[in-house]
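The block underneath contains the structure these notes are about, expressed in structure tokens.
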Amino acid sequence: METTVRTRLVEVVVPVHNEQRALRASVARLQTYLAGTFPYGFRITIADNASTDDTWQIARELAAELPNVRAVHLDAKGRGRALRRVWSESDADVVSYMDVDLSTDLDAFLPLVAPLLSGHSDLAIGTRLARDSRVVRGPKREFISRSYNLLLRGLMGARFSDAQCGFKAARAEIVQALLPAVEDEEWFFDTELLLLAERHGLRIHEVPVDWVDDPDSRVDILRTALDDLRGLARVARRTLWGAARLPVPARVRQAELPKGMAHQLPRFAVVGVVSTLAYLALFSLLRQAAPAQAANAVALLVTAVANTAANRRFTFGVTGSAGAMRHQFEGLIAFLVGLALTSGGLWLLPAGVSHGVELVAVIVANALATLARFLLLRVWVFNPRRRAGR
11 METTVRTRLV EVVVPVHNEQ RALRASVARL QTYLAGTFPY GFRITIADNA
61 STDDTWQIAR ELAAELPNVR AVHLDAKGRG RALRRVWSES DADVVSYMDV
111 DLSTDLDAFL PLVAPLLSGH SDLAIGTRLA RDSRVVRGPK REFISRSYNL
161 LLRGLMGARF SDAQCGFKAA RAEIVQALLP AVEDEEWFFD TELLLLAERH
211 GLRIHEVPVD WVDDPDSRVD ILRTALDDLR GLARVARRTL WGAARLPVPA
261 RVRQAELPKG MAHQLPRFAV VGVVSTLAYL ALFSLLRQAA PAQAANAVAL
311 LVTAVANTAA NRRFTFGVTG SAGAMRHQFE GLIAFLVGLA LTSGGLWLLP
361 AGVSHGVELV AVIVANALAT LARFLLLRVW VFNPRRRAGR
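Numbering-wise (this note's numbering), the sequence shown opens with residue 11 and increments by one.
What follows is the structure, given as structure tokens:
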């Protein structure tokens, strides 16, 4: 009988918090799959972060029962914290992780790590947004996922398609060099790591995956979305002011913002903050006498006109009255995009929610509308080549 010589080691981390229901079956299934099909050496590490149920006890039992399975315990909660702990101490060639519910088809695991073991790529991610991916999930999670990744592409210039799929891997030497600069310890950890990798010119490989949503998922979608928005603001600020280079391979280069964007983004952000505050105040005032959709439309229209005028003058440096009406008309295209996003966010809310929940929904949707507005204003309405041609 021929035996496979396994000369490389891949560490698979399964971060868990209060997962006593799914842990045993998932880890047993993962271990059986890798032992039977994976052509490289592997180690499964169950990373329990501050579980309060029987998760840690089950993890220790699995480590004692199954070969190539171990368990580590952290006293503090956080998926990013668990991954940082295991990845930073790993002696494997490639480190990876997957969600405990195994929502992603395991047949995608070898295509995920193979380019890393060959040296072709530095990091690899599963993507649910590729044309070849087969995904089963509800409309709310679909809307939030696509909106978040659109925000990443437009605001941060990200080229990867799916930041939050729980199916990622990286060369250990690369991720261990990047980890000191990653600040987040929870759900934004993935996004921050990928943005940092792109800023250093590292190669990110994407694998289309088949993915089935876990109906028992206990992720607080709203809280996670708000935490991600705060994380994006922090990373954007750090990118604008510059950040120290990390000791990654010398073949990579520092990524730069497109010409002109370094001074346009802060000014647009200031105008955007003022516009958002005015929008929220007007929405709250109108909401006392009108339905949510009507209050949203009126508040967005008024602030969109003021926003276009302010960005025309302060962000893109266009003075004088020439073209002002055309700019306002074209700015209404961005208004319609914003109206669709905010109306869609309100539509997704269940009936009878509180006014506070409505406000949070329109804040998230308005952030996406702001991104669309900046892109339209920069590349179309106030494009200097277009003005020069006229």
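C-beta: ideal position from N, C-alpha, C; glycine also.
Integer Cβ distance of residue i from residue j, believed to fall under 8 Å
i      : j      : result
Leu76  : Gln30  : At roughly 17 Å, the Cβ-Cβ gap does not stay under 8 Å, so Leu76 and Gln30 are not in contact.
Ala207 : Leu188 : 6 Å
Ala379 : Leu351 : 5 Å
Leu120 : Val104 : 11 Å between Cβ atoms; not a contact.
Ala279 : Phe293 : Not quite, the Cβ-Cβ distance comes to about 20 Å (not below 8 Å), so this is no contact.
Ala35  : Leu165 : Ala35 to Leu165, Cβ: 40 Å. No contact.
Ser100 : Val123 : With a Cβ gap of about 14 Å, Ser100 and Val123 do not count as contacting.
Other residues of its chain near residue i: CB distance less than 7 Å, five sequence neighbours each side excluded
i      : result
Pro218 : Thr137, Ala140, Asp142, Ser143
Asp237 : Glu196, Trp197, Phe198
Arg18  : Tyr50, Gly51, Asp103, Leu127
Ala32  : Val110, Asp111
Arg147 : Asp223
Val391 : His337, Glu340, Gly341
Leu296 : Ala305, Val308, Ala309
Gly88  : Asn59, Glu195, Glu196
Counted within 10 angstroms of its Cβ, other Cβ atoms place residue i as buried (16 or more) or exposed
i      : result
Gln298 : exposed
Arg263 : With a pLDDT of 40 at Arg263, under the threshold of 50, the predicted position of this residue should be treated as unreliable, and no value is reported.
Asp111 : buried
Pro25  : buried
Ser155 : buried
Trp66  : buried
Glu202 : buried
Met425 : No statement about residue 425 is possible, as the shown extent of the chain runs from 11 to 400 and does not include it.
Gly46  : exposed
His27  : buried
Glu12  : Reliability fails at Glu12, whose pLDDT of 43 lies under 50, so the model's placement of it is uncertain and the value that follows must be treated cautiously. Exposed.
Ala291 : exposed
Arg94  : buried
Val79  : buried
Euclidean distance between Cα positions of residue i and residue j
i      : j      : result
Arg388 : Phe326 : 8 Å
Arg213 : Leu346 : 36 Å
Thr329 : Ala316 : 15 Å
Glu71  : Leu44  : 19 Å
Leu310 : Arg277 : 20 Å
Val308 : Asp85  : 49 Å
Thr62  : Ile68  : 12 Å
Glu152 : Ala60  : 29 Å
Ala320 : Ala382 : 16 Å
Thr318 : Gly241 : 27 Å
Trp357 : Arg244 : 30 Å
Ala73  : Val37  : 10 Å
Arg39  : Leu116 : 10 Å
Arg163 : Gly341 : 21 Å
Val312 : Val284 : 13 Å
Leu287 : Asp64  : 46 Å
Val370 : Arg248 : 25 Å
Ile373 : Gln186 : 35 Å
Arg209 : Gln274 : 19 Å
Phe170 : Ile343 : 27 Å
Tyr289 : Glu368 : 13 Å
Val145 : Met108 : 16 Å
Phe384 : Gly167 : 13 Å
Nearest neighbour of residue i, chosen from the options [CA to CA]
i      : options                        : result
Leu204 : Cys175, Ile56, Pro125, Pro301  : Cys175
Trp97  : Ile54, Glu71, Trp66            : Ile54
Lys178 : Ser364, Pro301, Ala309, Ile135 : Ile135
Gln303 : Val283, Leu359, Asn159, Asp63  : Leu359
Val5   : Ser113, Ala377, Ala168, Arg18  : The displayed coordinates of the chain run from 11 to 400. Any statement about residue 5 would go beyond what the structure contains.
Ala361 : Leu385, Pro301, Phe324         : Pro301
Leu386 : Gly354, Gln338, Ser353         : Gln338
Trp221 : Thr114, His210, Leu287         : Thr114
Leu161 : Arg18, Trp390, Ala375          : Ala375
Gly129 : Val146, His215, Ile343         : His215
Pro125 : Glu99, Val20, Pro149, Tyr289   : Val20
Lys468 : Ile373, Val367, Gly354, Glu368 : A question about residue 468 goes unanswered here, because the residues of the chain that appear run from 11 up to 400.
Beta-carbon proximity list for residue i, same chain, < 6 Å, skipping 5 on both sides
i      : result
Gly90  : Asp194, Glu195, Glu196, Phe199
Asp132 : Arg181, Ile184, Leu212, Arg213
Ala57  : Val23, Pro25, Val82, Ala92, Val96
Ala332 : none
Val192 : Glu202, Leu203
Asp224 : Asp111, Ser113
Own chain residues within Cβ distance below 8 Å of residue i, not counting five before or after
i      : result
Glu266 : Bear in mind that the predicted position of Glu266 carries a pLDDT of just 43, short of 50, making it unreliable; the figure below should be weighed with that in mind. Excluding sequence neighbours, Glu266 sits near nothing in its chain.
Tyr158 : Ala173, Gln174, Ala235, Asp238
Arg323 : Thr329
Ala118 : Gly136, Phe177, Val217, Pro218, Val219, Asp220
Ser364 : none
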